[in-house]
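Participant: One structure coming up, written as structure tokens, with questions to follow.
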Amino acid sequence: DTEVTQTPKHLVMGMTNKKSLKCEQHMGHRAMYWYKQKAKKPPELMFVYSYEKLSINESVPSRFSPECPNSSLLNLHLHALQPEDSALYLCASSLQGVPSYEQYFGPGTRLTVT
Amino acid sequence: KQEVTQIPAALSVPEGENLVLNCSFTDSAIYNLQWFRQDPGKGLTSLLLIQSSQREQTSGRLNASLDKSSGRSTLYIAASQPGDSATYLCAVRRMEYGNKLVFGAGTILRVKS
């Protein structure tokens, strides 16, 4: 099973709402990633977790708060977002936080901030 | 700073044609390069991963090559099919920043039946 799942598929939220994105994998991978992709642009890295610890934060605004409760699950908590945060949010995982390993991506959550 | 460029930005070919997509990167100090496919509004599907010590990788009708010293990779698609229509992205993993993939802007491929 080489699948990364993400829920929800679509999310519409107001600027005062609090919501969460969820990512799950059962491949035994120990590194998990959040990417943001704007329309017609390549994905941009936001966060990397390695062995459930945050290892990379690409200077992401604090209105995005990642959480890795266990090795299979990755959450992204959203609060007080701006309309420009509307994008496709992609989760990925790899066997370990070692560069030689392939990253597998989920289908993404399409977020619209109104 | 690592920059990744993909040429062409868009490509339209008739079904059955062989084609080449190009990817170039400015910093040759990379761990590996990964080619992805993305259908509209969907996630990324990994196609091929080439380690820095390798010259090429093959999967079915796809062949990817890597020339690290010149900062170039090509993705060769043989006997293209309408189902190959998608955006193709290449991404490099820098030695300085191992877990970070730096993506090119992609090539939008359309295969006409």
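Sequence lines, in order, name chains R and W.
In the numbering used here, each number is its position in the first sequence, counted from 1, plus 12.
In the numbering used here, each number is its position in the second sequence, counted from 1, plus 9.
Ideal placement from N, C-alpha and C gives every residue a C-beta, glycine not left out.
Can you name the start and end residues of the beta strand (DSSP E) that Asp93/W belongs to?
Facilitator: Counting along the chain, Asp93/W falls outside any beta strand (DSSP E), and DSSP gives it neither H nor E.
Participant: Just to confirm my understanding: we take Leu100/R, look at its own chain, exclude 5 residues before and 5 after, and list those with CB closer than 6 Å. What are they?
Facilitator: Correct list, in chain order: Gln49, Gly120, Arg122.
Participant: Is there a C-beta anywhere in chain R that falls below 8 Å from the one on Lys51/W?
Facilitator: Output row for Lys51/W: interface = yes.
Participant: Can you tell me whether Gln94/R is buried or exposed? The criterion is at least 16 other CB atoms within 10 Å of its CB, across all chains shown.
Facilitator: It counts as exposed.
Participant: How many Å lie between Thr83/W and Leu30/W at the Cα?
Facilitator: C-alpha separation (whole angstroms): 6 Å.
Participant: Look at the alpha carbon of Thr14/W and the alpha carbon of Thr116/W, and state the distance between them as a whole number of angstroms.
Facilitator: Each residue's Cα considered, the two are about 10 Å apart.
Participant: Please confirm if the region 65–72 of chain R is in contact with the region 81–89 of chain R, defined as three or more CB-CB distances below 8 Å between the two stretches.
Facilitator: No: fewer than three Cβ pairs fall under 8 Å.
Participant: Any beta carbon of chain R sitting closer than 8 Å to that of Gly115/W?
Facilitator: Output row for Gly115/W: interface = yes.
Participant: In the DSSP assignment, what are the bridge partners of Pro23/W?
Facilitator: According to DSSP, which records beta bridges pairwise, Pro23/W is partnered with Lys121/W.
Participant: Applying a beta-carbon distance threshold of less than 8 Å, which residues of chain R neighbour Ser55/W?
Facilitator: Result: Glu114, Gln115, Tyr116, Phe117.
Participant: Given that a residue counts as buried once 16 or more other Cβ atoms are within 10 Å of its Cβ, and exposed if not, what is Arg64/W?
Facilitator: That one is exposed.
Participant: DSSP puts Ser74/R in a beta bridge; with which residues?
Facilitator: Answer is none; Ser74/R lacks a bridge partner.
Participant: Locate the beta strand (DSSP E) running through Ala168/R, then write down its first and last residues.
Facilitator: No answer is possible for residue 168/R: it lies beyond the span of chain R, which begins at 13 and ends at 126.
Participant: Below 7 Å between beta carbons is the criterion; list the residues of the region 16–42 of chain W that meet it against any residue of chain R, in chain order.
Facilitator: The residues in question are Tyr40, Asn41.
Participant: Out of Glu96/R, His22/R, Ser77/R, Leu33/R, which has the shortest C-alpha to C-alpha gap to Gly50/W?
Facilitator: For Gly50/W, the nearest C-alpha among the options comes from His22/R.
Participant: Only counting runs of 3 or more residues, tell me where the beta strand (DSSP E) segments fall wholly within the region 40–89 of chain R, in order along the chain.
Facilitator: Counting whole runs of 3 or more residues, the region 40–89 of chain R contains the beta strand (DSSP E) stretches 43–49, 56–62, 65–69, 76–82.
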